[in-house]
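Position in the sequence shown (from 1) plus 522 gives the number in the numbering used here.
Backbone N, C-alpha and C fix where the C-beta goes; we use that ideal spot for every residue, glycine too.
Source: prediction; values computed, not measured.
Data block below; observations after.
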Amino acid sequence: MINCTSESKSNIESAVIPVTLIAGYLGAGKTTLLNAYLRGGVTPGTLVLVNDFGTINVDAELIDYAGEHLLKLSSGCLCCSLSDELGMQLSRIGRWPEPPAALIIETSGVARPNRIADMIRVARRFSLDRIVTLVDLTSLAHRLDDSRIGELVANQIASADKLSLNRGGCLDIVERESLMRRLQLLNPTASVSYAGSSTGSPVGPAPARPMTLRRAGGEYDPDWQRFAINLPASLTRHTLESLLAEHVEGLARAKGFIQADGRHYIFQWSGGRAEWTPTASRLGTSQLVGIGFAGEPFESLITALKALV
Numbered sequence: 523m524i525n526c527t528s529e530s531k532s533n534i535e536s537a538v539i540p541v542t543l544i545a546g547y548l549g550a551g552k553t554t555l556l557n558a559y560l561r562g563g564v565t566p567g568t569l570v571l572v573n574d575f576g577t578i579n580v581d582a583e584l585i586d587y588a589g590e591h592l593l594k595l596s597s598g599c600l601c602c603s604l605s606d607e608l609g610m611q612l613s614r615i616g617r618w619p620e621p622p623a624a625l626i627i628e629t630s631g632v633a634r635p636n637r638i639a640d641m642i643r644v645a646r647r648f649s650l651d652r653i654v655t656l657v658d659l660t661s662l663a664h665r666l667d668d669s670r671i672g673e674l675v676a677n678q679i680a681s682a683d684k685l686s687l688n689r690g691g692c693l694d695i696v697e698r699e700s701l702m703r704r705l706q707l708l709n710p711t712a713s714v715s716y717a718g719s720s721t722g723s724p725v726g727p728a729p730a731r732p733m734t735l736r737r738a739g740g741e742y743d744p745d746w747q748r749f750a751i752n753l754p755a756s757l758t759r760h761t762l763e764s765l766l767a768e769h770v771e772g773l774a775r776a777k778g779f780i781q782a783d784g785r786h787y788i789f790q791w792s793g794g795r796a797e798w799t800p801t802a803s804r805l806g807t808s809q810l811v812g813i814g815f816a817g818e819p820f821e822s823l824i825t826a827l828k829a830l831v
């Protein structure tokens, strides 16, 4: 009897797992982009890891991918410091007897991809393939000019090997050209495509050039505040949308599984836009999670939400 165990184990342990990071600010459309390319076909055996900022992982629920190839992280935001949970997950994956063919990580919208890339670079058995940053063109100028998040958004753009542009159809040519100039200044070497185009896949081979991490001179992370709140089944869509719009100054992103007007929805809110996606009924109460900026506007938002209960 021939024993191939040692040789097989050696081959498995020497296999390198290529990693793609999908980054972009809150509400840019990362999950939609990821879904499009998962449907378009990825290397068999690819593992998808989804990080979310809340206690419930809404993004992971929206991903149409085989359950055993989808991992969810919901306890950390990967923003101010490297997530211990991500490090532990990478360590576990690296020890799997049958490692994934590739790994795609959808980062939280407040994550700095260069920090996560640093972790991947030193992780055993992993190799950073590329960073894809999704850019919401309709809100780009506003976010870059926002003193609270402008440096973070610029960092996400500057760290990318590929920029995937989203929601630019309503812009005129002057606005579009102005935004393209700003992107060029922030990252002159990244390839650029529009989300959904045939050249926009984030899982193809990286550009044939040395990959470098571009660090800003001084990184500034906002004082993020998170919340999770149960909402009554008697809630109406109009009530929730009006409340969030009234307290927009303190809120960056909100989402959850909500029962409103007698129906069940996956609710998402970003940049003043509300999206209600009908879904099957779920056990338990409606829950909204969100992230915002420390200060009086955020505290007023929390008070108003609690008044709904």
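request  = Label N752 either buried or exposed according to how many other C-beta atoms from any shown protein chain fall within 10 Å of its C-beta, with 16 as the threshold for buried.
outcome  = exposed
task = Would you check if the distance between the CB atom of A717 and the CB atom of L687 is smaller than 8 Å?
result = yes
C-alpha gap between A776 and A550, whole angstroms = 13 Å
query = At which residues does the beta strand (DSSP E) containing Y547 begin and terminate?
reply = Going by DSSP, Y547 is part of no beta strand (DSSP E) at all; its letter is neither H nor E.
R643 beta carbon near the ligand SAM (any heavy atom closer than 7 Å) = The ligand SAM is absent from the structure shown, which contains no ligand whatsoever.
query = Which residues in the same chain have their Cβ closer than 6 Å to the Cβ of S700, if we skip the five residues on either side of it in sequence?
reply = none
key: Separation of A663 from S669, as counted between CA atoms   = 12 Å
key: Pairwise C-alpha distance: G616 and L650   = 14 Å
key: Three-state secondary structure (DSSP) of P724   = No answer about P724 holds up, because its pLDDT of 43 lies below 50 and its placement is not dependable.
ask   = I think P819 touches G772, with their Cβ atoms under 8 Å apart; what is that distance to the nearest whole Å?
value = 3 Å
ask   = Can you list, in chain order, the residues of its chain whose CB lies under 8 Å from that of P566, leaving out five sequence neighbours each side?
value = A623
ask   = Do you know offhand how far P621's Cα is from V696's?
value = 48 Å
inquiry  = Please classify T799 as buried or exposed, where buried requires at least 16 other C-beta atoms within 10 Å of its C-beta.
reply    = Under this definition T799 is an exposed residue.
request  = Give a yes or no on contact between the region 556-564 and the region 624-639, applying the rule of three or more CB pairs nearer than 8 Å.
outcome  = Yes, the region 556-564 touches the region 624-639.
request  = Hey, could you find the ends of the beta strand (DSSP E) R785 is sitting in?
outcome  = DSSP places R785 in the uninterrupted beta strand (DSSP E) bounded by R785 to S792.
query = Roughly how far, in whole angstroms, is the beta-carbon of L656 from the beta-carbon of I544, given that I think they are within contact range, below 8 Å?
reply = 7 Å
inquiry  = Let's see if you can read the secondary structure: which residues bound the beta strand (DSSP E) around E797?
reply    = Residues R795 to P800.
message = Tell me whether the region 634-643 and the region 781-801 touch, counting them as touching only if at least three CB pairs, one residue from each stretch, are closer than 8 Å.
response = Flag = no, the region 634-643 and the region 781-801 do not touch.
query = By DSSP, does V644 sit in helix, in strand, or in coil?
reply = Helix.
Same chain, Cβ closer than 6 Å to A645, neighbours up to 5 away in sequence not counted = L612
task = With a threshold of 16 other CB atoms inside 10 Å of the CB of V831, please say whether the residue is buried or exposed.
result = exposed
Under the three-state DSSP convention, the category P622 falls into = coil
message = Given this structure, state the Cα-to-Cα distance separating G794 from Q706, to the nearest angstrom.
response = 27 Å
ask   = Can the beta-carbon of N677 be found less than 8 Å from the beta-carbon of R634?
value = yes
query = Straight-line CA distance for G832 to E673?
reply = The chain is shown only over 523 to 831; residue 832 falls outside these bounds and no answer can be derived.
inquiry  = Tell me the residue span of the alpha helix (DSSP H) that contains I824.
reply    = E818 to K828
request  = Measure the alpha-carbon distance for L555 versus G546 and round it to whole angstroms.
outcome  = 11 Å
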